[in-house]
Structure formats: structure tokens, C-alpha cells
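>
Numbering (my numbering), first residue to last: 121 to 606.
1) Give me, in chain order, the residues of the same chain whose beta-carbon lies closer than 7 Å to that of residue 276; leave out the 5 immediate sequence neighbours on both sides.
2) Since residue 298 and residue 324 are thought to touch, with beta carbons under 8 Å apart, how far apart are those beta carbons, to the nearest angstrom?
3) Any idea what DSSP makes of residue 555, helix, strand or coil?
4) Considering only their Cβ atoms, is the gap separating residue 279 from residue 402 smaller than 8 Å?
5) Drop a sphere of 10 angstroms on the beta-carbon of residue 574, count the other beta-carbons inside from all chains shown, and report buried for 16 or more, exposed for fewer.
6) Pick out the complete beta strand (DSSP E) segments inside the segment 440–476, 3 residues or longer, and give them in chain order.
7) Hey, quick one: how far does the alpha helix (DSSP H) through residue 529 stretch, first residue to last?
8) First and last residue of the alpha helix (DSSP H) that includes residue 266?
9) Once you ignore the five residues that flank residue 511 on each side, which residues in its own chain have a CB closer than 6 Å to its CB?
10) Indicate whether the contact test is met: 3 or more Cβ pairs, each with one atom in the segment 441–458 and one in the segment 499–519, closer than 8 Å.
11) Using a threshold of 7 Å, is the CB atom of residue 306 nearer than that to any non-hydrogen atom of the ligand FMN?
12) Should residue 378 be labelled buried (16 or more other beta-carbon atoms within 10 Å of its own) or exposed?
13) Assess contact between the segment 259–274 and the segment 366–376, defined as three or more Cβ pairs (one per stretch) separated by less than 8 Å. Is contact present?
14) Nearest-angstrom Cα distance between residue 421 and residue 588?
15) Given residue 590, which residues of its chain have a CB within under 6 Å of its CB, disregarding the five upstream and five downstream residues?
16) Please return the same chain residues whose Cβ sits closer than 6 Å to the Cβ of residue 551, not counting the five positions on each side in sequence.
17) Give the straight-line distance between the Cα atoms of residue 557 and residue 576, rounded to the nearest whole angstrom.
18) Report yes if the C-beta distance between residue 419 and residue 543 is below 8 Å; otherwise report no.
19) Below 6 Å CB to CB, which residues in the same chain sit around residue 318 once its five sequence neighbours on both sides are set aside?
20) For the alpha helix (DSSP H) containing residue 410, list its first residue and its last residue.
21) I'd like to know whether the C-beta atoms of residue 453 and residue 332 end up nearer to each other than 8 Å.
22) Is the separation between the beta-carbon of residue 595 and that of residue 474 shorter than 8 Å?
23) Given a cut-off of 8 Å on the beta-carbon distance, is the pair residue 538 and residue 406 in contact?
24) Cα-Cα, which of 571, 520, 555 and 268 is closest to residue 293?
25) Rounded to whole angstroms, what is the Cα-Cα separation between residue 344 and residue 337?
26) So what does DSSP say about residue 345, is it helix, strand or coil?
27) Given a cut-off of 8 Å, decide if residue 354 and residue 363 are closer than it, judged by their beta-carbon atoms.
28) Indicate whether residue 444 and residue 522 have their beta-carbon atoms separated by less than 8 Å.
29) Alpha carbon to alpha carbon, how far is residue 339 from residue 350?
30) Along the chain, where does the alpha helix (DSSP H) containing residue 576 start, and where does it finish?
31) With DSSP as the reference, label residue 355 as helix, strand or coil.
32) Could you check if residue 150 is buried or exposed, using at least 16 other CB atoms within 10 Å of its CB as the buried criterion?
33) Take the Cβ of residue 330 as the centre, count every other Cβ of all protein chains shown within 10 Å, and call the residue buried at 16 or more, exposed below.
34) Measure the alpha-carbon distance for residue 328 versus residue 374 and round it to whole angstroms.
35) Where does residue 435 land, buried or exposed, given buried means 16+ other C-beta within 10 angstroms?
What follows is the structure, encoded as C-alpha cells:
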């Protein structure tokens with residue numbers, strides 16, 4: 121093994137050792153350092169043929185290349201590692217299979233995460249499609265892609281067709297970018313001024329409900345130990361999903377209309393008159409709006425911290441409760457469910473009182489308070505962690521729809537989908553940055569300081585949001601139009 125290859129492998133194992141060390145199923149594998157050293161020894165003569173492409177992909181940060189060699193990871197690394205197991209090194213074949221399985225899942229998880237970022241980064245292009253071609257076009261494209269990817273996953277239920285499943289999941293993930301920025305635009309086009317915030321929050325609620333179902337249903341269906349039963353269960357899971365999304369696609373094709381016969385508000389009438397199809401100019405106007413840019417950064421910080429906590433929740437819980445793997449999953453579900461409730465309540469409150477900045481500011485401050493409470497009560501019992509995590513989910517997810525609505529007010533008459541798409545892109549950029557920052561501090565200093573740093577970022581975000589001037593342009597346009605009409 122060359123020095124360069126050794127350094128790359130060492131860097132990877134250093135970054136991933138915490139995750140590997142948390143896997144209780146490894147039994148008597150010993151320390152993480154010994155384990156990674158042993159695997160490097162096992163693979164040292166094996167790099168030129170199969171591990172070399174993986175290392176090169178890691179070094180170049182080309183996650184698509186890593187995805188392409190995932191089959192090689194499963195087949196070749198399994199065979200070579202298992203063949204290298206001897207009684208002298210203290211590892212059983214089952215131990216090694218479990219370890220390499222985890223490495224494979226970890227690499228593929230990294231691939232998915234970065235692909236998700238690329239998709240979110242391209243949301244502004246999807247927003248452009250939404251503006252030029254319309255809501256119906258964007259929703260149909262997203263639904264067709266989701267349906268296609270779901271049926272591909274049905275065809276992938278076999279141990280030797282992992283790459284097919286990965287392809288199907290990639291198509292589903294890419295199709296999401298046509299859907300996730302829709303709520304703000306759809307709410308503005310279809311609902312009046314007293315309903316638009318609630319409609320947007322229900323759209324976000326639907327997304328969160330899908331995530332909650334993802335926490336609940338798959339473990340209930342796929343839970344067998346033997347391969348034959350598990351294959352049958354995967355067919356049931358993927359097949360039922362494909363049937364449901366196909367049915368939804370049919371409903372969209374038949375019933376989903378581009379816009380109502382008449383605009384739901386006078387502000388929407390004005391927006392249709394002034395709406396420009398020049399997407400680049402629209403972006404320039406948005407990014408030259410100081411108060412929108414402040415909201416963009418503030419929103420990105422809040423949602424980015426939420427993404428970081430959600431991504432690393434398993435490690436955080438296991439740090440304090442080593443046998444709490446099941447609790448970590450349930451806490452994730454609590455966060456999502458609380459977020460669903462928070463989204464709807466915050467949207468309803470906004471429709472009732474129309475206090476856009478004040479509502480955003482209050483939710484942001486409570487998110488900061490929740491983060492501080494979460495930080496200093498992690499060791500107070502698992503029940504307390506459930507409560508504080510739900511508190512975080514309620515307020516941090518609750519900010520999502522009302523952040524969209526404040527952005528729409530600040531940037532009217534720019535299309536709501538454009539401002540929402542930029543908010544989503546910013547949140548993903550901050551999410552990746554904060555996840556990496558949190559991981560580094562977590563591994564080198566500890567959980568408390570990781571959370572303190574996140575709290576400091578939230579404080580900065582709250583200050584930026586406080587500076588935002590509440591210019592309610594959409595509300596003012598509605599009021600002016602009503603006065604003229606009278």
C-alpha cells in the first residue's frame with residue numbers, strides 16, 4: 121500500500137470510526153482503532169484491483185464514482201475480507217460480514233446525502249421550469265419520476281441487483297426537486313390571503329408526514345432474519361409503494377389543474393400582470409434585496425442546524441445511552457411528528473394574525489431556547505430527550521412554512537417558488553456545513569460543545585432575522601387593490 125493510499129484510508133477510517141464504534145452487533149471486535157488497523161492489513165494487498173477506485177473517488181470527492189463501484193464493494197470486498205478471516209485475528213466471518221456491510225451502507229449513505237444536496241442546489245432550475253411551464257408541468261414531471269423510480273426498485277429486489285435499487289432510489293431523489301418547492305407557489309396561486317399561510321403549512325405537513333411514514337412502515341413490514349422471507353417483505357414494501365405513487369400520478373393527471381378559473385386574490389391578479397419570465401433577472405432582484413438575503417441566511421442557519429441534529433441523532437443518543445438504538449429511531453419519529461404539528465399551528469397563526477416577522481422571530485427564539493435545553497438535559501434521562509427533541513422538531517420545522525411566507529411578502533411580486541427554492545438551497549448548504557462541523561467537534565471535544573456551537577449559530581441567525589425590516593409587499597398590494605376596487 122502506497123503512502124498516499126494509506127493516508128486516504130486512514131483519513132476515512134478516522135472520520136467514520138465513531139459510527140463503526142457504535143455498532144453493538146460487532147460483539148468482541150475490540151477497539152475501533154484495532155479493528156480499522158486489522159481491516160487495512162487485510163486489504164493492503166488488495167488495493168490495486170478493487171479498493172483503488174474507491175479511494176480515488178473519496179480523494180476526488182466524486183460521489184457518483186463511489187456509487188458506481190458500490191457493487192464492487194459488496195462482492196469483492198466481502199469475498200476477500202471473509203477469505204482473510206482466521207482464528208488468529210479473533211474475528212469471525214459473521215463479524216466481518218457485519219462490519220463490511222456497515223462500511224457499504226455508510227458509503228452509500230454518503231452518496232445519497234451528497235446527491236440530495238446536488239438536487240436541492242438545482243431547485244432554482246426547477247423553479248424556473250415552474251415559472252415558464254407552470255405548476256402542473258412541474259408536478260407531473262416529479263410524479264412521473266417518482267413512479268418510475270419506485271417500479272425500478274420493485275425490479276431490484278434481489279441480492280445481486282443492488283445497483284438497480286440504487287438507480288431507482290436516485291431517480292426518486294432527483295424527482296423530489298420538482299415537488300419540494302411547490303407548497304409556497306401552489307398556496308399563492310390557489311388560495312386567498314386568509315388561507316395562503318395555512319395552505320403552505322399543509323404542504324410542508326405532507327412532506328413531513330411522508331418522512332414519518334418512512335420511519336414507521338418499513339420496519340413493520342421488513343423484519344425477518346432469513347433471506348427468503350426478507351425478499352418477500354421487500355417485494356411487499358416496494359410493490360405497495362409503487363402502486364400508491366402510480367395511483368397518485370393518475371389522480372394528478374386527471375384532476376390537478378394549473379390554476380383556478382379566477383385568481384383567488386387581488387394581489388395574485390397584480391402578480392400575474394407583473395410576473396416576469398426572465399428567471400435570471402428575478403434571481404438578481406432577489407439577491408439584491410438586502411432583507412431577503414438576511415432572511416435567506418437566517419432561515420438557512422435554522423434549518424441547517426435541524427438537519428445536522430437529525431442526521432447525527434443516532435450518534436448523539438448512543439453517546440449517552442449506549443443501548444438506545446431503538447430509542448434513537450423513535451426520537452427521530454417524535455421530531456418529525458412534532459414538526460408536522462408545528463407546521464400547521466404556525467401556518468394557522470400566521471393566517472389569523474398576519475404577523476409575519478413577529479411569528480418568525482418568536483419561533484426562531486423558541487428554537488434557540490429548545491436547542492439550549494436539549495444541550496444541557498441530554499444526560500437527564502431518555503424521557504427528557506424525547507421531550508426536548510419534540511420541542512426542537514416543533515419549532516424548527518414550524519419555521520419552514522412561515523419562512524416561505526415571510527420571503528413571499530418581502531419579495532412580492534417575484535414568484536413564490538423562486539424565493540422558496542433559494543431558501544431550500546440555502547438550508548441544504550448550511551445543513552451539509554453544520555453536519556460536518558458538528559461531526560468534527562463531536563469526535564474531538566464532545567456532544568455538549570457541538571450543541572453549544574450550534575446554539576451560537578442559532579443566536580446569530582436570530583440576530584439577522586431581527587434586523588429584517590417587515591415589508592409586507594403582498595399584503596400591501598392586496599390592500600391597495602381592495603381600496604381601488606371600492
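Beta carbons are placed, not taken as given, at the ideal position from N, Cα and C, and that holds for glycine.
Per the coordinate set shown:
1) Hits under 7 Å: 284, 285 and 288.
2) Between residue 324 and residue 298 the Cβ distance is about 16 Å, and since that is not below 8 Å, they are no contact.
3) In the structure shown, the three-state DSSP call for residue 555 is helix.
4) No. Outside cutoff.
5) When all chains shown are included, residue 574 counts as buried.
6) Entirely contained in the segment 440–476, not one beta strand (DSSP E) run reaches 3 residues.
7) First-last of the alpha helix (DSSP H) with residue 529: 502–531.
8) In this chain, the alpha helix (DSSP H) harbouring residue 266 covers 255–274.
9) Hits under 6 Å: 490.
10) These segments touch.
11) The ligand FMN is absent from the structure shown, which contains no ligands of any kind.
12) When all chains shown are included, residue 378 counts as exposed.
13) The segment 259–274 vs the segment 366–376: in contact.
14) A direct Cα-to-Cα measurement between residue 421 and residue 588 gives close to 15 Å.
15) Excluding sequence positions up to five before and after residue 590, its CB lies within less than 6 Å of the CB of 477, all in the same chain and listed in chain order.
16) Excluding positions up to five away in sequence, the list reads 424 and 427.
17) If you draw a straight line from the Cα of residue 557 to the Cα of residue 576, it is about 13 Å long.
18) The Cβ-Cβ distance between residue 419 and residue 543 falls below 8 Å.
19) Within the same chain, and ignoring the five residues on either side of residue 318 in sequence, the residues whose Cβ sits closer than 6 Å to its Cβ are 467, 468 and 471.
20) Looking at the DSSP string, the run of the alpha helix (DSSP H) that includes residue 410 is 410–431.
21) Judged by beta-carbon spacing, residue 332 lies within the 8 Å limit of residue 453, meaning their Cβ atoms are closer than that value.
22) Closer than 8 Å, so yes.
23) Taking C-beta atoms as the reference points, residue 538 and residue 406 count as a pair closer than 8 Å.
24) Residue 293 has its Cα closest to that of 268, out of 571, 520, 555 and 268.
25) Taking the straight line from one Cα to the other gives about 14 Å.
26) In the three-state reduction of the DSSP assignment, residue 345 falls in the coil class, being assigned neither a helical nor a strand state.
27) In this structure, residue 354 does not lie closer than 8 Å to residue 363 by Cβ.
28) For residue 444 and residue 522, no; Cβs fall outside 8 Å.
29) Between residue 339 and residue 350, the C-alpha separation is close to 11 Å.
30) Its alpha helix (DSSP H) spans residues 567–587.
31) DSSP, reduced to helix, strand and coil, places residue 355 within a helical segment of the structure shown.
32) Bear in mind that a pLDDT of 38 at residue 150, under 50, signals an unreliable position, so the number given afterwards is only what the model happens to contain. Exposed.
33) Exposed is the call here.
34) Approximately 25 Å between the Cα atoms of the pair.
35) By the neighbour-count rule (16 or more Cβ atoms within 10 Å), residue 435 is buried.
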